[in-house]
Amino acid sequence: MQFNAPRGTKDILPPASLKWQYIEKVAREVFANYNYDEIRTPIFEYTELFQRGIGEVTDIVEKEMYTFEDKGGRSLTLRPEGTASVIRSFLENKIYGQAQPTKYYYIGPMFRYERPQSGRFRQFHQLGVEAIGSNDPALDAEIISLGMRFLSNFGLEDLSLHLNSVGCKYCRPKYIEILKDYLINNRELLCNDCKARIDRNPLRVLDCKNERCQSVIDDAPKIVDHLCRECYGHFSSVQAYLDILKINYYINPKLVRGLDYYTNTAFEIKDSHLGAQDTVFGGGRYNGLAEEIGGKKIPGIGFALGIERLLLSIKAQNIEIPIEKGIDLYITVIGENAKKEAFRLNDLLRNTGFKTEMDYLDRSVRSQMKSADRMNADYTIILGEDELENDSATIRNMKTGNEKLIKLSSLINEMKQLVYGEEVV
RNA sequence: GUGGGUGUAGCUCAGUUGGCUAGAGCGCAGGAUUGUGGCUCCUGAGGCCGUGGGUUCAAGCCCCAUCACCCACCCCA
Numbered sequence: 000m001q002f003n004a005p006r007g008t009k010d011i012l013p014p015a016s017l018k019w020q021y022i023e024k025v026a027r028e029v030f031a032n033y034n035y036d037e038i039r040t041p042i043f044e045y046t047e048l049f050q051r052g053i054g055e056v057t058d059i060v061e062k063e064m065y066t067f068e069d070k071g072g073r074s075l076t077l078r079p080e081g082t083a084s085v086i087r088s089f090l091e092n093k094i095y096g097q098a099q100p101t102k103y104y105y106i107g108p109m110f111r112y113e114r115p116q117s118g119r120f121r122q123f124h125q126l127g128v129e130a131i132g133s134n135d136p137a138l139d140a141e142i143i144s145l146g147m148r149f150l151s152n153f154g155l156e157d158l159s160l161h162l163n164s165v166g167c168k169y170c171r172p173k174y175i176e177i178l179k180d181y182l183i184n185n186r187e188l189l190c191n192d193c194k195a196r197i198d199r200n201p202l203r204v205l206d207c208k209n210e211r212c213q214s215v216i217d218d219a220p221k222i223v224d225h226l227c228r229e230c231y232g233h234f235s236s237v238q239a240y241l242d243i244l245k246i247n248y249y250i251n252p253k254l255v256r257g258l259d260y261y262t263n264t265a266f267e268i269k270d271s272h273l274g275a276q277d278t279v280f281g282g283g284r285y286n287g288l289a290e291e292i293g294g295k296k297i298p299g300i301g302f303a304l305g306i307e308r309l310l311l312s313i314k315a316q317n318i319e320i321p322i323e324k325g326i327d328l329y330i331t332v333i334g335e336n337a338k339k340e341a342f343r344l345n346d347l348l349r350n351t352g353f354k355t356e357m358d359y360l361d362r363s364v365r366s367q368m369k370s371a372d373r374m375n376a377d378y379t380i381i382l383g384e385d386e387l388e389n390d391s392a393t394i395r396n397m398k399t400g401n402e403k404l405i406k407l408s409s410l411i412n413e414m415k416q417l418v419y420g421e422e423v424v
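Numbering that gives the first Met the number 0 applies: residue 0 is where the first sequence begins, and numbers increase by one.
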């Protein structure tokens, strides 16, 4: 019986894992540069946290959660996103007692039960950033610019920033009513899905991809025109800050995000090179979330970036991620005694800090050289019985093909000189 | 959950209207070079043709079912 990885999950093997490490390394550098610190929360939480945080009527909660009962009868859920956990932790650990704002980032797997397709998996990975404890529109702009800065490290092109405001708990319901009226009046022009959405989730009609609905949607009342004074001011201010940083954005009245906790600013970065799932990262403000999960009223803003989608984007644009390959030295051996000495030298070289390798399959010199070549070894030494007797070995530069005879006792110094260019004292 | 597509060697794929021992390129292993990689050449290993039924003298090919993967819808990272 052979097993497959469960549907929607993937093994991340080398060399892909090296790309992941590179992305994570860049992320940690950029996030640190903006003074964000890492937070690590549990992979699973009480189911109720997500039900209340994300919203009962969202797709995530209604049909996408990996929920199970533990032996103590508690209902737990594999996290479908990161923000709810971060805010739960913020409240639980009373971080609001410290100087604000609090700036966190996280990296890790998320789980949603969905049919996999391009850019969508059941276990996927997000890089997320949260700035908690301030409603300053400048932070909205900082979060967005941070995401853009991170992406700029990869040389991606044709990325578009979509921006919108979804209002607050006071002005959004009023807008929804206005939108609903409009949709009801134009009901006959909508597709069947949208007809059903009018009651269930009228905002969803706005991002329907069906061509029939487009004309109706284009003329629909825009939420921007129905924001309360405060929300409108916030939205204008975010734009002003983005302008200062010369970040281009596209005001997209159809941008409505699927999670209930969003307020005010909503944004997405899309890559036109991707398929149907083209959002590389998305996020927004969530000023109501803390209260929703039973805490104080604490504002926050953040984004989550899909690592798989970033990788797809990088691939689609033919960008090479620099991965460290190659070793400093490959030790080729002939015979048992030479192998023992090679084994000792290999250990010594590694302890000195060199990346080295040797043969473990008792293969011919020719095969060992082939291996060295495939491993991208800078140098090889050849150790046989003759060399052992003379405490010497041939060291070969694999790029030039030059060889010279050296004393084994001076191998470390020789390598230091060759690899680091250090003068031997 | 719904729809479409695809399953043949480690990988990418050929395989004529069903017909004898199922192929190529790449990769892998060994050799040409009794102890030296990349180029070239030779040789070799590796396939219950996704799985289970059915039709047929005969199935990789036809039919049914099932599973997996891909893409799209829904929705989102």
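Using N, Cα and C, we set each Cβ at its ideal position, and we do this for glycine too.
In the three-state DSSP reduction, residue 95 falls in the helix class (H, G or I).
When secondary structure is reduced to three states using DSSP, residue 201 falls in the helix class.
In the DSSP assignment, residue 414 falls within the unbroken alpha helix (DSSP H) covering 410-414. In the three-state reduction of the DSSP assignment, residue 232 falls in the helix class. Rounded to the nearest angstrom, the gap between the Cα atoms of residue 258 and residue 70 is 30 angstroms. Counting along the chain, residue 351 sits inside the alpha helix (DSSP H) bounded by residues 335-351.
In its chain, beyond the 5 residues on either side, no residue has a beta carbon closer than 6 angstroms to the beta carbon of residue 156. In the DSSP assignment, residue 270 falls within the beta strand (DSSP E) that extends over 262-270. Within the region 122-199, the complete alpha helix (DSSP H) segments of 4 residues or longer fall at 136-151, 170-184 and 191-199, listed in chain order. Within its own chain, the residues whose Cβ lies closer than 7 angstroms to the Cβ of residue 144, once the five positions on either side in sequence are excluded, are 244 and 246, listed in chain order. Residue pairing from DSSP places residue 328 in a beta bridge opposite 355 and 378. In the three-state reduction of the DSSP assignment, residue 360 falls in the coil class. In the structure shown, residue 4 falls within a coil segment according to DSSP collapsed to helix, strand and coil. With distances taken between CA atoms, residue 115 lies nearest to 276 out of 276, 225, 238 and 242.
Per DSSP, the beta bridge partners of residue 403 are 394. Contact between the region 267-287 and the region 161-178 is present: three or more C-beta pairs spanning the two stretches fall below 8 angstroms.
Under a 10 Å Cβ-count criterion, residue 269 is classified as buried, with 16 or more other Cβ atoms of the shown protein chains found around its own Cβ. Per the coordinates, the alpha-carbon of residue 343 lies some 12 angstroms from the alpha-carbon of residue 356. Ranked by how close their Cα comes to the Cα of residue 266, the residues 272, 274 and 253 have 253 in first place.
Within the same chain, 332 come within 7 angstroms of residue 338 by CB-CB distance, once the 5 residues on both sides are set aside. Contact between residue 132 and residue 330 is absent: CB atoms are separated by about 56 angstroms, not below the 8 angstroms threshold.
Each residue's CA atom was taken as its position, placing residue 376 and residue 409 some 20 angstroms apart.
The beta-bridge partner set that DSSP reports for residue 116 consists of 119. Inclusion of residue 52 and residue 303 in the CB contact set at 8 angstroms is not warranted, their separation being larger than that value. When beta bridges are read from the DSSP output, residue 304 appears opposite 126 and 280.
Between the region 61-77 and the region 89-107, the count of C-beta pairs closer than 8 angstroms stays below three; the two stretches do not touch.
For residue 210, the uninterrupted alpha helix (DSSP H) segment begins and ends at 210-217. Our two residues, residue 361 and residue 9, have alpha carbons roughly 34 angstroms apart in a direct line. In the displayed model, residue 314 falls within a helix according to three-state DSSP. Going by beta carbons, residue 130 and residue 100 fall inside the 8 angstroms limit. With a cutoff of 8 angstroms on beta-carbon distance, residue 306 and residue 83 are scored as not near each other.
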